[in-house]
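Using our numbering, you'd call the opening residue of the sequence shown number 15 and step up by one each time.
Have a look at the structure below before the remarks.
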Amino acid sequence: MLQKPAIFLDRDGVINKKMPEGGYVEEWNEFCFLPGVFEAFRILIGSGFLIIVVTNQRCIARGIITEEKLSEIHENMVREIKNEGGNINAIYFCPHDISDGCPCRKPRPGMLLKAIDDFKNKGIEIDLKNSYIIGDSEKDILAGKLVGLKTIKIGEYSEMADITKSDFRQAVKAILARDKKDLILTLKDFFEEKAKIWGIDMAFLYGSRARGYPREDSDVDVALSFLPEPFSEEESFRLITDISLEILKVGIEVNIIPLDRDFKKPMLYYNAIALGLPLYIKDFGRYITLKNQAVCQMEDFSLFGIGWQITVAKRNLEELQYA
């Protein structure tokens, strides 16, 4: 079964401005997106996270708004977010009042458990240990903790939450910073354990993930060097397929490219060796030599001779040579 992490979002106070105490968003024209929300959703498009809204709406039980009207508001909300380049995968709401004692009203975790079950029925297992809930109240935080999520509180500091941030955008940036660190550590551990099995002598994370600006897909770009090199394209394809499937078992979908010895793909060498993040290096001396060659080669290609990139590559090389 496909495994994916998720971000569970409260609505009022995270996505949209809260109404004054005791008030509710009753019409779409009262729904006001908070600053930075669209940017946060755009960033998440390339992250690989499912985005799931879980919101208490006791205004339904009180007869202030109907479920049909709430659905209309949510349809408009999703449309606007999609128009701005973001997405929401699912929305769950609790229509009950506090006195109803239902299992779905936060801080009880009923909505989260329902989402987990629904996605499982669709063939997607939510990876709880790498999932988050973002909310502006401790009810959200407690609901997340009850199902094993990492928790982010928006607004005032909370000792209960793992992280406190000022708004949704800052929360997303914190998640992706952690996600990148976790990704690198997971891949490093994987290659340290498995590299010898497939004859891997170097592995690099390169491209948008290494730079911290993911593309609009969930793949992770990894370049591998083999010793000895595969004898044929068929053998290379088999190796890459086997490795990709093994990495998928730890919850990471990868796009693997083999590195050749002859600089037939200079852009790949540039991204991987000159600027990529090493995940596994069998022979450090050989890596320094190849990195030096890559930097020199890139200076010879005016297409790639973008000043700041060459400067970064040279500085990295100097730091390695004098380490």
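Idealized CB from N, CA, C, for every residue including glycine.
Residue closest to residue i, alpha-carbon to alpha-carbon, out of the options
i	options	result
isoleucine 270	Phe240, Ala288, Phe298 and Ser246	Phe240
glycine 60	Asn306, Lys202 and Asp193	Asp193
leucine 197	Val264, Met216 and Gly99	Val264
isoleucine 211	Asn103, Asp297 and Glu260	Glu260
arginine 76	Pro109, Asp24, Gln307 and Lys18	Pro109
lysine 136	Lys120, Ser113, Asn103 and Lys195	Asn103
arginine 183	Val51, Asp24, Ala237 and Ala20	Val51
proline 242	Gly213, Tyr38, Ile266 and Leu282	Gly213
proline 34	Lys202, Ala286 and Cys46	Cys46
glycine 299	Ile257, Asp256, Met216 and Leu262	Met216
aspartate 235	Glu207, Gly37, Ala157 and Leu273	Leu273
alanine 237	Ala191, Lys134, Lys187 and Leu289	Leu289
asparagine 101	Thr69, His88, Asp131 and Phe55	Phe55
leucine 163	Ile148, Thr255 and Val39	Ile148
valine 92	Ile29, Glu82 and Arg119	Ile29
proline 121	Asn144, Ala129 and Leu156	Leu156
glycine 36	Arg72, Ala20 and Ser172	Arg72
lysine 134	Thr165, Ile177 and Ala20	Ala20
glutamate 89	Asn70, Ile130, Glu41 and Asp297	Glu41
valine 268	Ser222, Glu152 and Ile302	Ser222
isoleucine 74	Asn144, Lys208 and Tyr38	Tyr38
phenylalanine 204	Gly158, Ser258 and Glu173	Ser258
isoleucine 130	Gly115, Ser151 and Ile105	Ile105
arginine 25	Thr255, Lys153 and Leu282	Lys153
leucine 58	Glu81, Asn70, Thr69 and Glu98	Glu98
threonine 69	Gly62, Ile78 and Gly27	Gly27
Endpoints, beta strand (DSSP E) assigned at residue i
i	result
alanine 237	234-240
lysine 18	16-18
leucine 64	64-70
glutamate 139	138-140
Whole-angstrom C-beta distance between residue j and residue i, which should lie under 8 Å
i	j	result
proline 123	leucine 160	4 Å
isoleucine 189	tyrosine 146	6 Å
isoleucine 140	lysine 18	6 Å
threonine 200	isoleucine 266	6 Å
leucine 291	alanine 224	5 Å
aspartate 181	leucine 304	About 44 Å separates the two Cβ atoms, so there is no contact after all.
leucine 127	phenylalanine 107	Between phenylalanine 107 and leucine 127 the Cβ distance is about 15 Å, and since that is not below 8 Å, they are no contact.
leucine 262	lysine 202	About 17 Å separates the two Cβ atoms, so there is no contact after all.
leucine 16	valine 67	Contact flag wrong, Cβ pair sits at about 21 Å.
Contact with chain C by residue i, beta-carbon distance below 7 Å
i	result
isoleucine 148	Annotation note: the requested chain C is absent from the structure, which comprises a single protein chain.
Segment limits, alpha helix (DSSP H) that includes residue i
i	result
valine 51	51-59
lysine 195	182-212
asparagine 97	81-97
aspartate 132	124-135
serine 258	247-262
lysine 153	152-160
DSSP bridge partner residues for residue i (one or two, in chain order)
i	result
threonine 26	Note that residue 26 corresponds to aspartate in the displayed sequence, not to threonine. Answer by DSSP bridge pairing, in chain order: Asn30.
methionine 216	Ser239 and Ile295
cysteine 108	Asn70
proline 272	Leu238
threonine 165	Ile147
threonine 178	Lys167
phenylalanine 47	Asn30
isoleucine 21	Ile65 and Tyr146
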